[in-house]
Amino acid sequence: MRLKYTFLLGLALMEAMGLYAQSTPMRADLPSLYQHTLSNSPTVQRQQIQNRIAEAARQTARSQFDYILLSDLNASRSGYNLLTPDPRRAIVGSDIQTNDLSLSAQLQRSFRSGIRASIGTSYQRVADNYPLTVFNEEVGPFFANNAVSTSFSIVQPLFRGRGRDIVTANETIAEKGSESQQDNAAFITSGQLLNTVSSYWQYLGASESLVAYQQNESRIRDLLEVTEQLVAADKKPSGDLIQIRADLRDKERQTVLARQFLFAARQNLGRSLGLSATASENIGLPESPFPNVEEQMEIPALSALLETARQQRADLKALRILLEQQQTQLKLAKNNLKPQLDLRLFGSYGGSAMGNGVDRFFRALTNNEGRQVQLGAGLSFQFPLNNNLAEANLLQAQLQISDQQTLLSDQIRQIELNLSISYNNYLNSVQVVNKARQSLENYKTVFANEQFKFQQGLTTLLNLILMQERLTFSELDYIQARQQYAIALAQLRFETGALFNSRNLGATDQAIDASLFYSLPGNR
20 MRLKYTFLLG
30 LALMEAMGLY
40 AQSTPMRADL
50 PSLYQHTLSN
60 SPTVQRQQIQ
70 NRIAEAARQT
80 ARSQFDYILL
90 SDLNASRSGY
100 NLLTPDPRRA
110 IVGSDIQTND
120 LSLSAQLQRS
130 FRSGIRASIG
140 TSYQRVADNY
150 PLTVFNEEVG
160 PFFANNAVST
170 SFSIVQPLFR
180 GRGRDIVTAN
190 ETIAEKGSES
200 QQDNAAFITS
210 GQLLNTVSSY
220 WQYLGASESL
230 VAYQQNESRI
240 RDLLEVTEQL
250 VAADKKPSGD
260 LIQIRADLRD
270 KERQTVLARQ
280 FLFAARQNLG
290 RSLGLSATAS
300 ENIGLPESPF
310 PNVEEQMEIP
320 ALSALLETAR
330 QQRADLKALR
340 ILLEQQQTQL
350 KLAKNNLKPQ
360 LDLRLFGSYG
370 GSAMGNGVDR
380 FFRALTNNEG
390 RQVQLGAGLS
400 FQFPLNNNLA
410 EANLLQAQLQ
420 ISDQQTLLSD
430 QIRQIELNLS
440 ISYNNYLNSV
450 QVVNKARQSL
460 ENYKTVFANE
470 QFKFQQGLTT
480 LLNLILMQER
490 LTFSELDYIQ
500 ARQQYAIALA
510 QLRFETGALF
520 NSRNLGATDQ
530 AIDASLFYSL
540 PGNR
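What follows is the structure, encoded as structure tokens:
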């Protein structure tokens, strides 16, 4: 019974913790959202997986230099039915039984210098029921003949496959592929972070727009209240109330639409963060304000930003590394045009011993009688006369380099164009923010004056409503201008490679500097 209550209590606590987690809104400040994107975005997680796949390819390339151990153990028993004229029938009968035991072990390795080496040892024990040795000595049946041999072999390529840079070419290619993947992953992560930052600015803009619509609706309600008082005092015609109520309904409609825009902006922000639809609804109110135009004291020249992009853009780094990878492939393809000529040095040492017992293994190595020593050298040559495969691989490698160089040049061209557009967009957004702010300040003054004149009967209701609309549109324009300015700033950082430029994907323990979202590249 106590166990049952404990189980139910645990379920209740888990449910309470789940409800608390759902009721606690997720912080919506840019540093937290930046970290959350690195931790939970499926796009970033997939790039982490791709990095691990590339690292596995590096390990595969390193495997060609692993030590390889070969071993073999065989035991057999065979019988041979002797021919009728065979004189051995008089000694052993109709057949000879033979027991055979063999054991071998060999260690091989290819070195990065190009040398291939192996060393091994073998042991064989043969015994049969014939009681005489080959020298007709009486030893009894199943008297074993033990043979031991130790050998080595060293192979040095002389043409094809010679040189450390050639031997390790595949390893270098895999390493370059891994490095390129890491830089490419950093660029894709940077794009995902740009989506998050842009979605946040849109979320903040939708939130402030909703406030503007609500304030507009509140002003109409205040106007309705004042007009009702003026109508009651016979200072305004009752027909004005109908027009104001109609305008109020229109403002309520705009507020409903603004709430829908805010909901969609919150969901899109959750999409960038890797959240579900339900989890996206738990995103809290935006905390990070729009960047201040006045804080940008100095705007770098376009030429300086272009140079920064050429140095920092992770996609350019990835393309340059791929070009280095293909140059390594070209070097390997040129080497494969050469014939295969290998110098082989080899040697062996062995011996034999008669008799049964474990000690016969060691006696076979130490006995002078039956000892065998061999040292030698050899050459092996191989060359396909047409050599079509090597020539085709060389041509393919040359074309791949040309294609990669074209791709790299075109990518630089595209970056320069995109950066020029983003730079011009940023400069224009600064002017738009300043103009929108000045317009808003003027409309606030005009609307305040129009309210006073309406109360004094010096202007019409239509003029007051018109000024009210212009003030609201001016507020919305100012919000939109600041939103576009913030997005232009983030886009400029992305185009220069200054939004994210690290091979270490995932969240970091270090605090994110907020100036990343509020300053131009080079001013941070």
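The sequence shown begins at 20 in this note's numbering and counts up one residue at a time. We treat Cβ as the ideally placed atom computed from N, Cα and C, and that holds for glycine.
query, result
"Is arginine 183 buried or exposed, if buried means 16 or more other CB atoms sit within 10 Å of its CB?", "exposed"
"Jot down the residue ranges of each uninterrupted beta strand (DSSP E) in the segment 483-528, minimum 3 residues, whole runs only, in chain order.", "none"
"Kindly list the residues whose CB is nearer than 6 Å to the CB of serine 441, restricted to its own chain and excluding five residues on each side of it in sequence; keep chain order.", "Gln510, Leu511 and Glu514"
"Find the nearest neighbour of serine 121 within the set Ala136, Pro106 and Val145, judged by alpha-carbon distance.", "Val145"
"Can you tell me whether leucine 102 is helix, strand or coil according to DSSP?", "coil"
"At which residues does the alpha helix (DSSP H) containing alanine 193 begin and terminate?", "188-251"
"Round the Cβ separation of asparagine 118 and alanine 383 to the nearest angstrom and send it over; I've been treating them as touching at under 8 Å.", "Not a contact, Cβ separation roughly 17 Å."
"Considering only the beta carbon of each residue, do isoleucine 173 and alanine 136 sit closer than 8 Å?", "yes"
"Pairing CB atoms from the segment 398-406 with CB atoms from the segment 357-366, are three or more of them under 8 Å?", "yes"
"Where do the ends of the beta strand (DSSP E) carrying glycine 289 lie?", "Not the beta strand (DSSP E): glycine 289 falls in the alpha helix (DSSP H), residues 258-292."
"My understanding is that glutamine 315 touches leucine 539, with C-beta atoms under 8 Å, so please give their C-beta distance in whole angstroms.", "6 Å"
"First and last residue of the alpha helix (DSSP H) that includes phenylalanine 473?", "407-474"
"Check whether the segment 70-89 touches the segment 45-60, taking contact to mean three or more Cβ pairs, one atom from each stretch, closer than 8 Å.", "no"
"Locate the alpha helix (DSSP H) running through leucine 324, then write down its first and last residues.", "321-331"
"Give the straight-line distance between the Cα atoms of isoleucine 110 and proline 160, rounded to the nearest whole angstrom.", "10 Å"
"Determine the contact status of phenylalanine 309 and glutamine 502, defining contact as a CB-CB distance below 8 Å.", "yes"
"Quick one: Cα of serine 199 to Cα of leucine 338, how far?", "7 Å"
"Cβ of aspartate 119 versus every heavy atom of the ligand GTP: is any distance shorter than 7 Å?", "No copy of the ligand GTP appears in this structure; indeed no ligand is present at all."
"In whole angstroms, give me the CA-to-CA distance for asparagine 203 and arginine 179.", "34 Å"
"If we ignore side chains and look at the alpha-carbon of each, how far apart do alanine 225 and alanine 277 end up?", "7 Å"
"Can we say the segment 185-196 touches the segment 339-346, given the rule of at least three CB pairs closer than 8 Å?", "yes"
"Quick one: Cα of asparagine 375 to Cα of serine 170, how far?", "24 Å"
"How many Å lie between glutamine 211 and serine 291 at the Cα?", "7 Å"
"So the candidates are Met373, Arg71 and Gln66; which of them puts its Cα closest to the Cα of proline 150?", "Met373"
"Sorted by chain position, which residues of the same chain lie with C-beta nearer than 6 Å to leucine 249's C-beta, five sequence neighbours on each side aside?", "Lys255"
"Taking the alpha helix (DSSP H) that arginine 81 belongs to, which residues open and close that run?", "61-81"
"Let me check understanding here. Comparing Cα to Cα, which of Ile431, Asp429, Ala409 and Phe365 lies closest to isoleucine 138?", "Phe365"
"Got a sec, what are the start and stop residues for the beta strand (DSSP E) serine 299 sits in?", "Counting along the chain, serine 299 falls outside any beta strand (DSSP E), though it belongs to the alpha helix (DSSP H) covering 296-299."
"Taking the straight line between their C-alpha atoms, what separation do you get for serine 113 and serine 132?", "59 Å"
"CB serine 448 to CB aspartate 496, shorter than 8 Å?", "no"
"Report, in whole angstroms, the separation of the C-beta atoms of alanine 409 and asparagine 355, which I expect to be a contact under 8 Å.", "4 Å"
"The alpha helix (DSSP H) with arginine 108 in it runs from where to where?", "108-111"
"Assign arginine 71 to one of two classes, buried (16 or more other C-beta atoms within 10 Å of its C-beta) or exposed (fewer than that).", "exposed"
"Give the range of the beta strand (DSSP E) segment to which isoleucine 115 is assigned.", "114-129"
"Assuming leucine 351 and alanine 188 form a contact by the criterion Cβ under 8 Å, report the distance between their Cβ atoms to the nearest whole angstrom.", "4 Å"
"When burial is assigned at 16 or more other CB atoms within 10 Å of the CB, is leucine 524 buried or exposed?", "buried"
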